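J.: Okay, handing you the structure first.
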Amino acid sequence: MLILHDLTPLPWWLAGAAIGAITLLLLWVTNQRLGISTGFENLCALALRAPYFQRAEITGSHAWRLPFLGGLFLGGVLSAATSGDWWPFWSLGMFDLTFGWGPAGKLPWMFVGGLFIGFGTRLAGGCTSGHGIFGISNLERASVESTLAFMAAGLVTTNLIYRVWAAS
Amino acid sequence: MSAPWLYLLFGTAFGWVLSRSGAADYDYVQGMFLLESFQLYGIIGGAVAVTAPGLWLLKRTGRTATGTPLRVTPKPRHPGNVLGGALFGIGWSLTGMCPGPILVNLGEGKVYALGALAGVLVGAGVFGVLYERLRLPLHLPALKLGTGDG
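Residue numbers (the numbering used here), protein chains in the order written: chain R, 1 to 168; chain C, 1001 to 1150.
Here it is in structure tokens:
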């Protein structure tokens, strides 16, 4: 069951096939390689003048990455609004059951996690989409290595949180 | 370069699937890392199982739908792939979100995703500002400045 409105999720094979189809259509129709985390650099580039954010790959991709990111947000809005009332909420599933922290604990926790995601994906040159799905499908060594690294690190971290820290 | 509304549409479809499949759900992400839920392994594996043969076929034809030459640039390989990947994995576990689902969760109305979004922008910003200092020790590629159509 999903945290969102206690929905039953789509079957994995259907969701996987849909993501694959969107990835292929994006390439075939628009000639763009799927990649989400690079879009955060496009957002940074709107505010920061550092040379890193003014390189060709970023300045030349605002026109597609920014609306794509906007679409991800809109997809979440539509998904929530078509399955119940759209309303801001704080539920966090097993995190609530285990730690019972309120907003004042969740926001900084999420901020710290976000720092790791932002810095880490930029250093890695991609995330689950660009490395994990597109890069692996394209048999790129950088992507295979990066995906193994983030899966392993996630596995260790979650097990430390829920099987060591929460159990102590 | 296609029209912005087309990218908005692709993003919306992608976001909707992430939202309804568990890929943007804290509990399914933890279930994946605890090896208690197959759902997200199935989704990522299923996506690769569709993308890999399709990509092979597209590269063989070498053309997009409009007939322009297909462009698939492999990502550069360097020590940052593994080091950065490991940092990202920690963040994915802490928040239960990878980059796409941060925006999806925000759209769903999950207020705590604002914290993750702020963190991601600061983290990416710090990386960009420090890039020249990290580049040599980590063997990262040199910047290609200017206006391109990446």
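Idealized CB from N, CA, C, for every residue including glycine.
Note that the coordinates shown come from a computational prediction; the quantities given were computed from them, not determined experimentally.
Alpha carbon to alpha carbon, how far is R:E145 from C:F1127?
T.: If I take the Cα positions, the gap works out to 21 Å.
J.: Can you give the Cα-Cα distance for R:L24 and C:T1051, rounded to whole angstroms?
T.: Roughly 6 Å between the two C-alpha positions.
J.: Tell me whether R:F53 is buried or exposed, calling it buried when 16 or more other Cβ atoms sit within 10 Å of its Cβ.
T.: Buried, because 16 or more other Cβ atoms sit within 10 Å of the Cβ of R:F53.
J.: What's the gap between the Cα of R:W12 and the Cα of C:R1133?
T.: Cα to Cα, the separation comes out at about 42 Å.
J.: Does chain C have any CB closer than 9 Å to the CB of R:G100?
T.: Not one chain C Cβ lies under 9 Å of R:G100.
J.: Cβ atoms of R:F73 and C:Y1026: under 9 Å apart, would you say?
T.: Cβ distance not < 9 Å, so C:Y1026 and R:F73 don't count as in contact.
J.: So if DSSP puts C:R1063 in a beta bridge, which residue, or which two residues, is it bridged to?
T.: Paired residues: C:P1069.
J.: If we call anything under 9 Å between Cβ atoms a contact, is R:G75 one with C:S1019?
T.: Contact: yes.
J.: Identify the contact partners of C:L1070 in chain R, using a Cβ-Cβ distance below 9 Å as the criterion.
T.: Per Cβ cutoff of 9 Å: L27, W28, N31.
J.: For the alpha helix (DSSP H) that contains C:V1104, what are its first and last residues?
T.: That run of the alpha helix (DSSP H) goes 1099 to 1108.
J.: Who are the neighbours of R:V164 on chain C, taking C-beta pairs under 7 Å?
T.: Here the premise fails: no neighbours, minimum Cβ distance about 12 Å.
J.: C:G1022 CB to nearest chain R CB: under 9 Å?
T.: For C:G1022, the answer is yes, since a Cβ of chain R falls inside 9 Å of its Cβ.
J.: From the DSSP secondary-structure annotation, give me the bridge partner or partners of R:R55.
T.: Paired residue(s): C:L1145.
J.: Taking C-beta pairs closer than 7 Å, name the residues in chain C that R:G126 reaches, listed in chain order.
T.: Neighbours of R:G126 on chain C, chain order: K1075.
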